[in-house]
Amino acid sequence: MDNQAQQVPIDILRVYIKDVSFEAPNSPEIFQVEAETRIHIDYKIESQKLQETDDKDIFESTLTITAHATQGEKTVYLLEATQAAIVTLPKLPMHQIDMFLKGYCPDMLLPYLREFATSMTTRGTMPTLVLKPESFSARVMMEMQKMQQAAENAEGNSEA
Numbered sequence: 592m593d594n595q596a597q598q599v600p601i602d603i604l605r606v607y608i609k610d611v612s613f614e615a616p617n618s619p620e621i622f623q624v625e626a627e628t629r630i631h632i633d634y635k636i637e638s639q640k641l642q643e644t645d646d647k648d649i650f651e652s653t654l655t656i657t658a659h660a661t662q663g664e665k666t667v668y669l670l671e672a673t674q675a676a677i678v679t680l681p682k683l684p685m686h687q688i689d690m691f692l693k694g695y696c697p698d699m700l701l702p703y704l705r706e707f708a709t710s711m712t713t714r715g716t717m718p719t720l721v722l723k724p725e726s727f728s729a730r731v732m733m734e735m736q737k738m739q740q741a742a743e744n745a746e747g748n749s750e751a
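For what it's worth, my numbering labels the leading residue of the sequence shown as 592, then goes sequentially.
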């Protein structure tokens, strides 16, 4: 995130688990099998405006993980968990709001979700899920740079 975005005052009002589902459909049989476990992970980022005033906006930002662990064709476990936060932002241009809601907030939520996912899989006596660090802010910045470059290229082509 650029320096201007880092200096914007953001208030984190609450961080909480919004939704969770843990399934181990092939237990206890799966515990007797010694096979390589593969884990496929997907992230989903969402946000919604909860309240608007003259000088600030209140948003709910969510980061959802779906982790599907398999041994061959059999499901070892399926974990879906949504970590959420309620945040207050001052009135900002839409591109800055997007940077916060798609980058900063998921970056802030990931450590909570990482700990929760590790705890859930450990409690299920499953192969432990350890989520790698991700930089959602870097992804947003790359997407914004690509869009800006595409717009500049389109503008350059229309002038030719």
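Just so it is clear, CB atoms sit at the ideal spot from N, CA and C, and this is done for glycine as well.
All values reported here derive from a predicted model rather than from experimental measurement.
Requested in this report: Please confirm whether residue 653 and residue 675 have their CB atoms less than 8 Å apart.
Outcome: yes
Requested in this report: Given a cut-off of 8 Å, decide if residue 677 and residue 629 are closer than it, judged by their beta-carbon atoms.
Outcome: no
Query raised in the report: Shortest alpha-carbon distance to residue 668 belongs to which of 742, 625, 720, 682?
Result: 720
Query raised in the report: Using a Cβ-Cβ cut-off of 7 Å (strictly less than) and excluding sequence neighbours within five positions of residue 600, which residues of its own chain qualify?
Result: 681
Query raised in the report: Quick one: what does DSSP say residue 702 is sitting in, helix, strand or coil?
Result: helix
Query raised in the report: Sorted by chain position, which residues of the same chain lie with C-beta nearer than 6 Å to residue 621's C-beta, five sequence neighbours on each side aside?
Result: 667
Report task. Check residue 752 in the structure and name its three-state DSSP category. Result -> As displayed, the chain neither begins before 592 nor continues past 751, which places residue 752 out of reach and without an answer.
Query raised in the report: Are residue 583 and residue 695 touching if we call contact CB-CB under 8 Å?
Result: Given a span of 592 to 751 for the chain in the structure shown, any question on residue 583 remains unanswerable.
Query raised in the report: What is the DSSP secondary structure of residue 673, reduced to helix, strand or coil?
Result: strand
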